[in-house]
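Below is one structure, written out as structure tokens; the observations come after it.
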């Protein structure tokens, strides 16, 4: 985990706090520091931080939430340190006192006291508490942080798990520079795997992915414990038992698209008993054929559905992109 600490050069007390905090931080947190706008921009470009931790007021009104790394957006954590700070763009606010907690009207707030101004906590304890906050930040909205290879691997695992036979993916064994038939999970970065496992559990498809792992015969590490920030109103996705395709489309139309609904739709399309002519007739009557065609395109991307199991041609247009964004933003804070 890479953390860029940002503070003003005219605040030596903050510089001392950040230095001592970083020394006490876990070995898996790599820290760099910047106290002027030029160094901040350079660090974002060269260091590629996962988290930007702003201490006190911003430098020269620099909008840290607008700074982007080339691989993924850096997530902004703010510690006000008793100063007047706009925290509206922060992923989470770390306050130094219960009173400071009440001063910031944001949904995600944590209390970690400052060892420089109180003897109730040591720097080791403060560093451990802040490291926990960092991990929660990095475990939130994991799809945003998953690289292309991990997303492609997820599609293979979903297909294999849904259909229960490696033969279904035998023609698609190449995954970037990796081969699925010889792939071990330790060929991928641990952070990528962590994001994958957290994502599928939060989306309600963990059992399908576990089945896919077994079908493909891939070694998998233990599933991580999840302790992350979730969107307001998040509910664990629940399956629609024995739902037909029209019933699934009705639910998607009413409540939006989720990965779980896509997997249920994929399963139905591979049922031997599916009467494609009757299905299309009903979808025409329900005026949901366009939605179905959009979903076929999404299914081809997310679960590797092939044209042989598409009762009609897929559609890829601006409405398809809207559905992609629904999936992309389902866990976004």
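Residue numbers (the numbering used here): 3 to 335. Glycine included, C-beta positions come from ideal geometry on N, C-alpha and C.
| Query | Result |
| --- | --- |
| Can you grab the Cα-Cα spacing for the pair residue 231 / residue 334, in whole Å? | 10 Å |
| Residue 258 to residue 24, Cα distance in whole Å? | 43 Å |
| With DSSP as the reference, please indicate the residues paired to residue 2 in a beta bridge. | The structure shown does not extend to residue 2, since the chain is modelled only from 3 through 335, so no value can be given for it. |
| If you run the structure through DSSP and keep just helix, strand and coil, what is residue 132? | helix |
| With the cut-off set at 9 Å, would you say residue 91 and residue 50 are in Cβ contact? | no |
| Provide the residue(s) that pair with residue 112 in DSSP beta bridges, ordered along the chain. | 96 |
| Could you tell me the distance, in whole angstroms, from the CA atom of residue 120 to the CA atom of residue 98? | 10 Å |
| Using 8 Å as the cut-off, can you tell me whether the region 13-32 makes contact with the region 128-136, which would need three or more C-beta pairs spanning the two stretches below that distance? | yes |
| Take residue 298 and list the residues in its own chain whose beta-carbon comes closer than 6 Å to its own, dropping the five residues that flank it on each side. | 312 and 316 |
| Here's a check: name, in chain order, each residue in its chain whose Cβ is nearer than 6 Å to the Cβ of residue 34, leaving out the five neighbours to either side. | 6, 45 and 49 |
| Taking only the alpha-carbon atoms, compute the straight-line gap between residue 319 and residue 9 and give it to the nearest angstrom. | 45 Å |
| Taking all protein chains shown into account, do 16 or more other C-beta atoms lie within 10 angstroms of the C-beta of residue 56, making it buried, or fewer, making it exposed? | buried |
| In terms of residue numbering, what span does the alpha helix (DSSP H) encompassing residue 357 cover? | The question about residue 357 has no answer here: the residues shown for the chain are numbered 3 through 335. |
| Got a sec, what are the start and stop residues for the alpha helix (DSSP H) residue 323 sits in? | 320-331 |
| Residue 273 by DSSP, collapsed to three states: which one? | coil |
| For residue 150, report the span of its alpha helix (DSSP H) as first-last. | 150-165 |
| Where does residue 47 land, buried or exposed, given buried means 16+ other C-beta within 10 angstroms? | exposed |
| Going by alpha carbons, who is nearest to residue 273 out of 95, 89, 114 and 164? | 164 |
| Go ahead and pull the three-state DSSP assignment for residue 29. | coil |
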